[in-house]
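Chains as they are written, first to last, in the numbering used here: chain B, 20 to 148; chain Z, 20 to 148; chain A, 20 to 148; chain H, 20 to 148. First up is the structure itself, then whatever we jot down about it.
Protein chains: 4
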Amino acid sequence: MEKTDQPAVGRRVWAIAEGYIPSGSVGQAREQVSHEAACLLNAGDVPAEVEITVYFADRDPAGPYRVTVGPRRTLHLRFNDLTDPEPIPRDTAYASVIRASVPVVVQHTRLDSRDPHFALLSTVAFPVA
Amino acid sequence: MEKTDQPAVGRRVWAIAEGYIPSGSVGQAREQVSHEAACLLNAGDVPAEVEITVYFADRDPAGPYRVTVGPRRTLHLRFNDLTDPEPIPRDTAYASVIRASVPVVVQHTRLDSRDPHFALLSTVAFPVA
Amino acid sequence: MEKTDQPAVGRRVWAIAEGYIPSGSVGQAREQVSHEAACLLNAGDVPAEVEITVYFADRDPAGPYRVTVGPRRTLHLRFNDLTDPEPIPRDTAYASVIRASVPVVVQHTRLDSRDPHFALLSTVAFPVA
Amino acid sequence: MEKTDQPAVGRRVWAIAEGYIPSGSVGQAREQVSHEAACLLNAGDVPAEVEITVYFADRDPAGPYRVTVGPRRTLHLRFNDLTDPEPIPRDTAYASVIRASVPVVVQHTRLDSRDPHFALLSTVAFPVA
């Protein structure tokens, strides 16, 4: 529970309309692999149970993928790492909706290292509700 | 229709104040061509009929361009691909307003590959209404 | 005036907390010069009279700088081009508040070409009111 | 105090769910060192007393870190520079919540110069309250 004198930090439903994991990478070190992340912040005092649904251009959605973010913890979740119920395909446009059991904050980031030089993007996700 | 226990995901009117398609690209493969995209997510259960109006610095707006995003689908729409009623000029500043028949989420992304190395930007569009 | 069946597109006061114009550029062509832009969209039917105040770390604000964005037009305003009442210093952190006479949408973009390869950032500005 | 005919510029609580300071940099000049910044704008007429709490994946939060942003000033605060009560670890995922005594605007920016070529990201932080 949030302390009564503090507002809850975040929202319970978020959307990321952009998604794309390049299959190529300049290096194989984990920090250099092309990846796309949903950075989740749970600033509250109870665990956040999170469900992620992934949408595609031409097939039904995948998921839900489930992760837990502990109280007063952040999880920088790589879509690359999701495997259950199925991996996210590479080189494929997707989007995602993230639903949490308590308020969280979600930021979307991509590191593209196909090219031998990095490119980065980031944006706070869209707070749905 | 959204299920009654779920909030609708998104808004019906969005704006992107930045727009610019570089004419140069390092490669001709589709994933390497400099491009600018409006990533649209329709997480609802009915098709989203979308109209895009494109604004310029020194002439009247172009459009509307029309696309449909199926239910539970995402469309990563490249402005490069718009041709009807007219193509979007390259190397020209523009902006856009996107109106959908049902709530959607819109994210703006550019891949600039004029340079032999990629640069990326992305931001959730501005939710107008 | 907006048509009565359409919501006004945007807000009248926006803030950009990040600002930095690198003094170096790989090229002198206008599209290659390192620059920082406030992309302004006026989707309405009357001109937007815009005032920009620029804030610094250790001195009083500069401005207001004044520009007009015509009806149904976009202006990708480069901070580099502002000279009246004074130029924006290079290699200096700044921030800005943008006030318009009618609703507009503001997006912040930087092209950094100090390096021979481009880097890009962009975000919708913060809608204050 | 804000003038009564002007809205307060910003919010008092902000969150940044993404955070990562690469340990490597192409150069040692301050403007070339890989860094992550919270750009703070205080457009009001009284000082903003700011407290930053930093969240991690697997340990309790650090902080609060305290800074002051003068009236009508901006502070581009590098997380790299925070040392009291403890430095922010490099190559480590983190997130932050920023609480100010008066309304401010917060934008998050990273310059990644591990690679000999720069990559940039930026987004307005999430306005919590």
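Yeah, the Cβ is synthetic: ideal placement off N, Cα and C, and Gly gets one too. Nothing here was measured: the structure is a model prediction, and the numbers come from that model.
Inset, instruction - Return the residues of the segment 74-108 of chain B that lie within a Cβ-Cβ distance of less than 7 Å from chain Z, sorted by chain order. - result: Y74, F75, A76, D79, P80
Legend entry - Residues that H:D110 contacts on chain B, provided the C-beta gap is smaller than 9 Å: Along the fourth sequence, one-based indexing puts residue 110 of chain H at 91. In chain order: E50.
Inset, instruction - Per DSSP, which residues does B:T39 bridge with? Please list them. - result: As a first step, residue 39 of chain B is located in the first sequence; it is residue number 20 there, counting from the start. The sequence as given places Tyr at residue 39 of chain B; Thr does not occur at that position. Per DSSP, none; premise fails for B:Y39.
Inset, instruction - Specify the secondary structure class of Z:E105 as computed by DSSP and reduced to three states. - result: Counting from one through the second sequence, the residue named residue 105 of chain Z turns up at place 86. Correct three-state label for Z:E105: coil.
Legend entry - CB contact below 9 Å: B:Q126 versus chain H: The count along the first sequence starts at 1 and reaches residue 126 of chain B at position 107. It does; some Cβ of chain H falls within 9 Å.
Legend entry - Residue of Z:D77, Z:E68, Z:P26 minimising C-alpha distance to Z:R15: The structure shown has nothing for residue 15 of chain Z, since chain Z only spans 20 to 148.
Legend entry - Straight-line gap, B:F137 to A:V65 (C-alpha atoms, nearest Å): As a position in the first sequence, residue 137 of chain B is number 118, starting the count at 1. As a position in the third sequence, residue 65 of chain A is number 46, starting the count at 1. Cα-Cα distance, rounded: 43 Å.
Inset, instruction - Identify which residue in A:I35, A:E50, A:G38 has its Cα closest to the Cα of Z:S42. - result: To locate residue 42 of chain Z, count along the second sequence from 1; it is residue 23. The option with the nearest alpha carbon to Z:S42 is A:E50.
Inset, instruction - Starting from B:S141, follow the beta strand (DSSP E) in both directions and report where the run begins and ends. - result: As a working note, residue 141 of chain B is residue 122 in the first sequence. From DSSP, the beta strand (DSSP E) with B:S141 extends over 138-143.
Inset, instruction - State yes or no: is the beta carbon of B:I35 nearer than 9 Å to at least one beta carbon in chain Z? - result: Start at 1 with the first residue of the first sequence, and residue 35 of chain B comes out as number 16. Yes, contact with chain Z.
Inset, instruction - To the nearest angstrom, report how far apart B:C58 and B:R31 are at their CA atoms. - result: As a working note, residue 58 of chain B is residue 39 in the first sequence. As a working note, residue 31 of chain B is residue 12 in the first sequence. Rounded to whole angstroms, B:C58 to B:R31 spans 14 Å at the Cα level.
Legend entry - Between the CA atoms of B:L94 and H:P82 - distance to the nearest angstrom: Start at 1 with the first residue of the fourth sequence, and residue 82 of chain H comes out as number 63. Start at 1 with the first residue of the first sequence, and residue 94 of chain B comes out as number 75. It should be noted that the sequence gives Gly, not Pro, for residue 82 of chain H. Using only the alpha carbons, I get a separation of about 19 Å.
Inset, instruction - Hey, could you find the ends of the beta strand (DSSP E) Z:P80 is sitting in? - result: Mapped onto the second sequence, residue 80 of chain Z falls at position 61. Z:P80 -> no beta strand (DSSP E), and no H or E assigned at all.
Inset, instruction - State the start and end residues of the unbroken beta strand (DSSP E) segment that holds H:S53. - result: Residue mapping note: residue 53 of chain H aligns to position 34 of the fourth sequence, counting from 1. Careful: H:S53 lies outside any beta strand (DSSP E) and carries neither H nor E.
Inset, instruction - Report all residues from its chain with a CB closer than 6 Å to the CB of A:R129; omit the five preceding and five following residues, and keep chain order. - result: The sequence position of residue 129 of chain A within the third sequence is 110, counting from 1. Excluding residues within five positions, the ones whose Cβ falls inside 6 Å are E55, L140.
Inset, instruction - Report yes or no: is there a C-beta of chain A within less than 9 Å of the C-beta of B:A138? - result: Against the first sequence, residue 138 of chain B aligns to sequence position 119. It does; some Cβ of chain A falls within 9 Å.
Inset, instruction - Go ahead and label Z:T23 buried or exposed: buried means 16 or more other beta carbons lie within 10 angstroms of its beta carbon, across all protein chains shown. - result: To locate residue 23 of chain Z, count along the second sequence from 1; it is residue 4. With a pLDDT of 48 at Z:T23, under the threshold of 50, the modelled position of that residue is not reliable, and no figure is offered here.
Legend entry - Residues bridged to Z:S115 (per DSSP): Within the second sequence, residue 115 of chain Z is the residue found at index 96, counting from 1. Answer by DSSP bridge pairing, in chain order: Z:I35, Z:V73.
Inset, instruction - Express the C-alpha separation of H:P122 and B:Q25 in angstroms, rounding to a whole number. - result: The count along the first sequence starts at 1 and reaches residue 25 of chain B at position 6. The count along the fourth sequence starts at 1 and reaches residue 122 of chain H at position 103. So the alpha carbons of these two residues sit roughly 16 Å apart.
Inset, instruction - Taking B:T72 as the query, report the chain A residues whose CB atoms sit under 8 Å from its CB, ordered along the chain. - result: The residue labelled residue 72 of chain B in the question sits at position 53 within the first sequence. Ordered by position in chain A, no residue passes the 8 Å Cβ test against B:T72, which lies about 25 Å from the chain.
Inset, instruction - Kindly indicate the opening and closing residues of the beta strand (DSSP E) around A:R92. - result: Translated into the one-based positions of the third sequence, residue 92 of chain A becomes position 73. Per DSSP, A:R92 belongs to the beta strand (DSSP E) from 92-97.
Inset, instruction - Pull up the CB-CB distance for B:V143 and B:Q126, whole angstroms please, since I reckon it's below 8 Å. - result: What you label residue 143 of chain B is simply residue 124 of the first sequence in a count that begins at 1. What you label residue 126 of chain B is simply residue 107 of the first sequence in a count that begins at 1. That pair is a contact at about 5 Å.
Legend entry - Pair within 9 Å by beta-carbon distance, A:G38 and A:A119: Within the third sequence, residue 38 of chain A is the residue found at index 19, counting from 1. Within the third sequence, residue 119 of chain A is the residue found at index 100, counting from 1. No, the pair does not count as a contact, with Cβ atoms beyond the cut-off.
Inset, instruction - Compare the C-beta of B:K22 with all C-beta atoms of chain Z and state if any pair is closer than 9 Å. - result: One-based indexing of the first sequence puts residue 22 of chain B at position 3. With a pLDDT of 47 at B:K22, under the threshold of 50, the modelled position of that residue is not reliable, and no figure is offered here.
Inset, instruction - Can you give me the Cβ contacts of A:A34 inside the same chain, cut-off strictly under 8 Å, excluding the 5 residues immediately before and after it? - result: In the third sequence, the residue the question calls residue 34 of chain A occupies position 15. Excluding residues within five positions, the ones whose Cβ falls inside 8 Å are A114, S115, V116, I117, A144, F145, V147.
Legend entry - B:D100 - DSSP class collapsed to helix/strand/coil: Here residue 100 of chain B corresponds to residue number 81 of the first sequence, with the count starting at 1. B:D100 falls in the helix class under three-state DSSP.
Inset, instruction - Output the distance between the C-alpha atoms of A:V88 and H:I71, rounded to the nearest integer angstrom. - result: In the third sequence, counting from the first residue as 1, residue 88 of chain A sits at position 69. In the fourth sequence, counting from the first residue as 1, residue 71 of chain H sits at position 52. Cα-Cα distance, rounded: 38 Å.
Legend entry - Nonlocal neighbours in the same chain, by C-beta distance under 6 Å from H:A36, ignoring five residues either side: Translated into positions along the fourth sequence, residue 36 of chain H becomes position 17. Closer than 6 Å at the Cβ level, and outside the excluded window around H:A36, lie A114.
Legend entry - Nearest-angstrom Cα separation, counted from B:N61 out to B:P106: In the first sequence, the residue the question calls residue 106 of chain B occupies position 87. In the first sequence, the residue the question calls residue 61 of chain B occupies position 42. Straight-line Cα distance between these residues: approximately 25 Å.
Legend entry - As assigned by DSSP and simplified to three states, the class of H:R133: For the purposes of this step, residue 133 of chain H is taken as residue 114 along the fourth sequence, with counting starting at 1. DSSP places H:R133 in coil when its eight states are reduced to three.
Inset, instruction - Compute the Euclidean distance between the alpha carbons of Z:P90 and A:V28, then round it to the nearest angstrom. - result: Working through the second sequence from its first residue, we reach residue 90 of chain Z at position 71. Working through the third sequence from its first residue, we reach residue 28 of chain A at position 9. Looking at the two C-alpha atoms, the distance is approximately 26 Å.
Legend entry - Classification of B:D131 by the beta-carbon crowding that lies within 10 angstroms, buried from 16 upward: Working through the first sequence from its first residue, we reach residue 131 of chain B at position 112. With 16 or more Cβ atoms within 10 Å of its Cβ, B:D131 is classed as buried.
Legend entry - Top-ranked residue by Cα proximity to B:R92, from H:Y74, H:D100, H:S53: Position 73 of the first sequence, counting from 1, holds the residue named residue 92 of chain B. Ranking the options by Cα distance to B:R92, first place goes to H:Y74.
Legend entry - Z:D100: CB within 8 Å of a non-hydrogen atom of the ligand ADP: Ligands displayed in this structure: none; no statement on the ligand ADP is therefore possible.
Legend entry - Chain-ordered neighbours of A:A62 on chain Z, where CB pairs are closer than 9 Å: As a working mapping, residue 62 of chain A is identified with position 43 in the third sequence. Result: A34, T72, Y74, P80, A114, V116, V147.
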